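Q: Quick one: this structure, given as structure tokens, is what I'll be asking you about.
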Amino acid sequence: MFGGPPPPPSAEELRQQELLATATMYQFGIIATLLYFSPFAVDAVKKLV
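Numbering (numbering that gives the first Met the number 0), first residue to last: 0 to 48.
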């Protein structure tokens with residue numbers, strides 16, 4: 000509000016932010032897949048015991 004807008008991010012900062020966003024999306028996909036298959040894994044282990 001006071002002093003104007005912040006300076007735009009540099010090319011290196013943009014690249015780092017893109018890498019972080021990409022890593023976060025991959026992490027989300029892996030965790031979502033593990034959570035989806037976890038009930039099946041628990042069921043399989045219960046049948047073995």
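C-beta: ideal position from N, C-alpha, C; glycine also.
Being a predicted model, the structure only gives us computed values, none of them experimental.
When you measure from the CB of Ala-20 to every non-hydrogen atom of the ligand ADP, does any distance come out below 7 Å?
A: Looking for the ligand ADP in the displayed structure turns up nothing, as the structure carries no ligands at all.
Q: Can you tell me whether DSSP reads Gly-2 as helix, strand or coil?
A: Translated into positions along the sequence shown, residue 2 becomes position 3. If DSSP states are grouped into helix, strand and coil, Gly-2 belongs with coil.
Q: At which residues does the alpha helix (DSSP H) containing Val-48 begin and terminate?
A: Here residue 48 refers to the residue found at position 49 when the sequence shown is read from its first residue. Looking at the DSSP string, Val-48 is not in any alpha helix (DSSP H), and its letter there is neither H nor E.
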